[in-house]
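Enquirer:
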Amino acid sequence: MHYTKTHIVLLLWALLLASAAQAGKLSIVIDDVGYRPHEENAVLQMPVAISVAVLPNAPHARLMASKAHSQGREVLIHMPMAPLSKQSLERDTLQPTMSSEEIQRIIRNAVNNVPYAVGMNNHMGSAMTSNLSGMQKVMQALEGYHLYFLDSMTIGNSQATPAAVGTGVRVIKRKVFLDDTANPDDIRRQFNRAVDLARRHGSAIAIGHPRPATVKVLQQMLATLPGDIMLVKPSSLLNEPQRHGGDHAQLPKPNKTKPKNPFTGAIKQCKITLPKEGVNASQVLSLIGESLVQSPVAVVIKNLWQNWIGSAQTKL
């Protein structure tokens, strides 16, 4: 078959679009932003598809939300919600016993404190998210601001999805927690697990925190992200089918002891013990180039191009 240049260009575009459609989509959200801008700035040096969830009562909430938005990042409100554990609650923590008016007031203040937010996810919140009537009040309040809800899935019987029925609020779910521990090997294992879920189910959402170990591992893993995995913002997954298979999937899990809950009363951050390390730009570009060259799409493009060149030379 004879190909013209126009045919080649159209075919290349079709192949690229097909490749993008078939790629596993991975969304990464960094929680607990707004307390330590110095450490959190390392997150803002990552690809813009990495989104941030900002605590509405954090002292630097507006600053970090504005900086993230100016880069083109997606911003979420990281809303404190009541946990099942008995511990001191921070100010304006959503609780199942609250009235609709009280929940609306708290969410209104959160929207004002976190500018440019397009979604919300829960900070802790097992008691709140497992309560249907409480979450219905939350969804009714969110609808007025056109925010989506990312269910952090801190409890298996979360009622976020049924609570959104009848509202315009769309719900997506976290599949993997990246950093239940500060062990780099565990974080790396969880990242690979998120990649595997994205491949098998078409998409996956992973949640992490702006801790030094997490940042360092993400810098390393994102630089070598497989060519069949596309990094996306969480809102791009709103129309994706929500499949099961997150933390309950039959995948190997790291051996680890249950971490202590760092949130007792006011938000506390882990002690910084690791130096920040940058990523060499030339190494990143080289790795990306190698990945693209070895991808199936690149092989097809190369073969088509060689055939077209051979055909042109034959005519000459």
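Using my numbering, the letters of the sequence shown map in sequence onto residues 4 to 319. We put the CB at the ideal spot given by N, CA and C, even for glycine. If you're wondering where the values come from, they're calculated on a predicted model, not measured in any experiment.
Is it the case that the segment 168-177 contacts the segment 113-120, given that we only count it when at least three CB pairs across the two stretches are under 8 Å?
Expert: Contact between the segment 113-120 and the segment 168-177 is absent, because fewer than three Cβ pairs lie under 8 Å.
Enquirer: Does DSSP classify A323 as helix, strand or coil?
Expert: Since the first and last residues shown for the chain are 4 and 319, residue 323 lies out of range.
Enquirer: Between the segment 95-107 and the segment 155-162, do at least 3 Cβ pairs fall closer than 8 Å?
Expert: Because the criterion of three Cβ pairs below 8 Å is not met, the segment 95-107 and the segment 155-162 do not touch.
Enquirer: Please report the distance separating the alpha-carbon of L240 from that of I210.
Expert: In the sequence shown, residue 240 corresponds to position 237, counting from 1. In the sequence shown, residue 210 corresponds to position 207, counting from 1. Those two C-alpha atoms are separated by around 15 Å.
Enquirer: Do G122 and L153 have their C-beta atoms within less than 8 Å of each other?
Expert: Taking the first residue of the sequence shown as position 1, residue 122 is located at position 119. Taking the first residue of the sequence shown as position 1, residue 153 is located at position 150. Yes.
Enquirer: Around the C-beta of D34, are 16 or more other C-beta atoms found within 10 angstroms, so that it is buried, or is it exposed?
Expert: Working through the sequence shown from its first residue, we reach residue 34 at position 31. When all chains shown are included, D34 counts as buried.
Enquirer: Is the Cβ-Cβ distance between M67 and V36 less than 8 Å?
Expert: The residue given as residue 67 occupies position 64 in the sequence shown. The residue given as residue 36 occupies position 33 in the sequence shown. Contact: yes.
Enquirer: Helix, strand or coil: which one does DSSP assign to G137?
Expert: Position 134 of the sequence shown, counted from the first residue, corresponds to residue 137. Three-state result, G137: helix.
Enquirer: Regarding F152 and the ligand HEM, is the C-beta to nearest heavy atom distance less than 7 Å?
Expert: As presented, the structure is devoid of all ligands, the ligand HEM included, so that no description of it is given.
Enquirer: What are the boundary residues of the alpha helix (DSSP H) that includes A71?
Expert: Your numbering for residue 71 matches position 68 in the sequence shown. Residues A64 to S73.
Enquirer: Assuming I208 contacts S30 (C-beta within less than 8 Å), just tell me the rounded distance between them.
Expert: Within the sequence shown, the letter at position 205 stands for residue 208. Within the sequence shown, the letter at position 27 stands for residue 30. Indeed, because the Cβ distance is near 5 Å, the residues count as touching under 8 Å.
Enquirer: Which parts of the segment 152-198 are runs of the alpha helix (DSSP H), unbroken and 4 residues or longer, counting only runs that do not cross its ends?
Expert: Whole alpha helix (DSSP H) segments, 4+ residues: 163-166.
Enquirer: Should A166 and M138 be called a contact, given that it needs their Cβ atoms to be closer than 8 Å?
Expert: Here residue 166 refers to the residue found at position 163 when the sequence shown is read from its first residue. Here residue 138 refers to the residue found at position 135 when the sequence shown is read from its first residue. The answer is yes: Cβ separation under 8 Å.
Enquirer: Rank S136, N242 and R202 by C-alpha distance to the C-alpha of D231 and give the top, closest one.
Expert: What you label residue 231 is simply residue 228 of the sequence shown in a count that begins at 1. Out of S136, N242 and R202, R202 has the C-alpha closest to the C-alpha of D231.
Enquirer: Where does the unbroken alpha helix (DSSP H) through A113 begin, and where does it stop?
Expert: On the sequence shown, residue 113 is found 110 positions in, with the first residue counted as 1. S103 to N116 is the extent of the alpha helix (DSSP H) around A113.
Enquirer: Express the C-alpha separation of D199 and I291 in angstroms, rounding to a whole number.
Expert: Translated into positions along the sequence shown, residue 291 becomes position 288. Translated into positions along the sequence shown, residue 199 becomes position 196. The pLDDT assigned to I291 is 48, lower than 50, so where the model puts this residue is not dependable; a value taken from the coordinates is nonetheless given after this. Rounded to whole angstroms, I291 to D199 spans 19 Å at the Cα level.
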